[in-house]
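**Student:** Please find one structure pasted underneath; my questions will follow.
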Amino acid sequence: MLRLGFVGTGTLVSAVIDGLQATHGDRCRILLSPRSQETSQALAARYANVERAESSAAVVEGSDVVFLGMRPNQLDEATAGLPFRPDQTVVSFLAGVSHARVSEKVQPAGHVVRVNPLPPIRLRKGPVVIYPANPIVEDLFGGLGDLIVAGKESDLAAIANGSAMMSSHYALQNAIIDWLVSREMAPDTATHYVRSMFSGLAAVGLDAFAKGEPVDPAHHETKGGLNERGRRYLGDIGWFDEIGRALDVIEGHVLTARPKS
1 MLRLGFVGTG TLVSAVIDGL QATHGDRCRI LLSPRSQETS QALAARYANV ERAESSAAVV
61 EGSDVVFLGM RPNQLDEATA GLPFRPDQTV VSFLAGVSHA RVSEKVQPAG HVVRVNPLPP
121 IRLRKGPVVI YPANPIVEDL FGGLGDLIVA GKESDLAAIA NGSAMMSSHY ALQNAIIDWL
181 VSREMAPDTA THYVRSMFSG LAAVGLDAFA KGEPVDPAHH ETKGGLNERG RRYLGDIGWF
241 DEIGRALDVI EGHVLTARPK S
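Going by the UniProt record's numbering, the residue at position 99 of the sequence shown is 99; the numbering climbs one at a time, nothing skipped.
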């Protein structure tokens, strides 16, 4: 039975464990560090194969694969003195913290992998980006979404910045819902429709990718129709250009806030 240990137990780690239970729950044992107390206690109560350890050291001692789920600025403090072993694989969820820096902090662990999971992983949906390739990590995360093995470490930074548009995606959905409600549609009906519409569009886009086909917006509108009218209006006011500028702002924020190595 594979022994998995999590140092740092926040919302994202909870989502990962929820996803893992559906694919590996019958063949793994999970140890959690006591922080955060509320999340670790809830997970241990929810799953029979999850145990809350007395310390982070106990997690590392009892695990084959160790996951780092603390905040990036807590890496030094959280890993100081932990008994990593040469036979261990360490998986880092720490955005913006380089492979080299994590490797230094978890010596003498033999294999270090960066993973960029997103909240939908609890539903086994969405992208899961890893670097570098690693058969153990690929097996663990392969059933938790669309596995993407990055070709170079810098891809992780670009992907993380692109992921920073998630809340804007929901803001767009909510704006459409609010507009529908303003036209006297029931809130539940409006919400169900809009969430389902965007989910369906995402499925169409992934299907096109699997077939090697592009997604051309013009192919999803009728000439002179409603979709074309909306897209042309947004294009005329520069709305789509602003998305790229927003990503530039996000990238600049990350560069100025990046922890020193």
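By construction, the Cβ of each residue, glycine as well, lies at the ideal position given by its N, Cα and C atoms.
Assuming contact is defined by CB atoms lying nearer than 9 Å, are PRO132 and VAL113 in contact in what I supplied?
**Tutor:** Cβ distance < 9 Å, so PRO132 and VAL113 count as in contact.
**Student:** For the putative contact between TYR47 and GLN74, defined by C-beta atoms under 8 Å, what is the C-beta separation to the nearest angstrom?
**Tutor:** Contact doesn't hold; Cβ gap of about 25 Å is too wide.
**Student:** In the DSSP output, what is GLU51 paired with across the bridge?
**Tutor:** DSSP, once it has assigned bridges, lists LEU31 as partnering GLU51.
**Student:** Just the Cα atoms here: how many angstroms apart are GLY19 and ASP236?
**Tutor:** For GLY19 and ASP236, the distance between alpha carbons rounds to 42 Å.
**Student:** In the DSSP assignment, find the beta strand (DSSP E) that holds PHE6 and state where it starts and stops.
**Tutor:** Start and end: 2 to 7.
**Student:** Distance check for VAL129 and THR191, CA to CA, integer angstroms please.
**Tutor:** Going from the Cα of THR191 to the Cα of VAL129 covers about 30 Å.
**Student:** If you follow the alpha helix (DSSP H) that ILE148 is in, where does it begin and where does it stop?
**Tutor:** No alpha helix (DSSP H) holds ILE148; the beta strand (DSSP E) holding it covers 146 to 149.
**Student:** Below 8 Å, can you find three or more Cβ-Cβ pairs linking the region 82 to 93 to the region 134 to 142?
**Tutor:** Yes, since at least three Cβ pairs between the region 82 to 93 and the region 134 to 142 fall closer than 8 Å, the two stretches touch.
**Student:** Taking 8 Å as the cut-off, does the region 189 to 204 touch the region 172 to 180 (at least 3 CB pairs, one atom from each stretch)?
**Tutor:** Yes, the region 172 to 180 is in contact with the region 189 to 204.
**Student:** Once DSSP output is grouped into helix, strand and coil, what is the label at LEU68?
**Tutor:** Correct three-state label for LEU68: strand.
**Student:** From the DSSP output, in three-state form, read off SER63 for me.
**Tutor:** If DSSP states are grouped into helix, strand and coil, SER63 belongs with coil.
**Student:** Which ranges would you report for the alpha helix (DSSP H) in the region 79 to 120 if only whole runs of at least 4 residues count?
**Tutor:** Runs found: 99 to 105.
**Student:** Residues in the same chain with beta-carbon distance under 8 Å from VAL7, minus the five sequence neighbours each way, listed in chain order, please.
**Tutor:** Within the same chain, VAL7 has close Cβ partners SER33, SER56, VAL59, VAL60, VAL66, PHE67, LEU68, GLY69, MET70, ALA78, THR79, LEU82.
**Student:** Report yes if the CB atom of ILE30 is closer than 9 Å to the CB atom of LEU12, and no otherwise.
**Tutor:** Cβ distance not < 9 Å, so ILE30 and LEU12 don't count as in contact.
**Student:** Within 10 angstroms of the Cβ of THR256, are there 16 or more other Cβ atoms? Answer buried if so, exposed if not.
**Tutor:** Exposed, by the Cβ-count rule.
**Student:** Taking DSSP as the reference, what is the three-state secondary structure of PRO127?
**Tutor:** Here PRO127 sits in strand by DSSP.
**Student:** If you draw a straight line from the C-alpha of GLY96 to the C-alpha of ALA158, how long is it?
**Tutor:** C-alpha separation (whole angstroms): 10 Å.
**Student:** Could you spell out where the alpha helix (DSSP H) holding GLN173 opens and where it closes?
**Tutor:** GLN173 -> alpha helix (DSSP H) spans 166 to 182.
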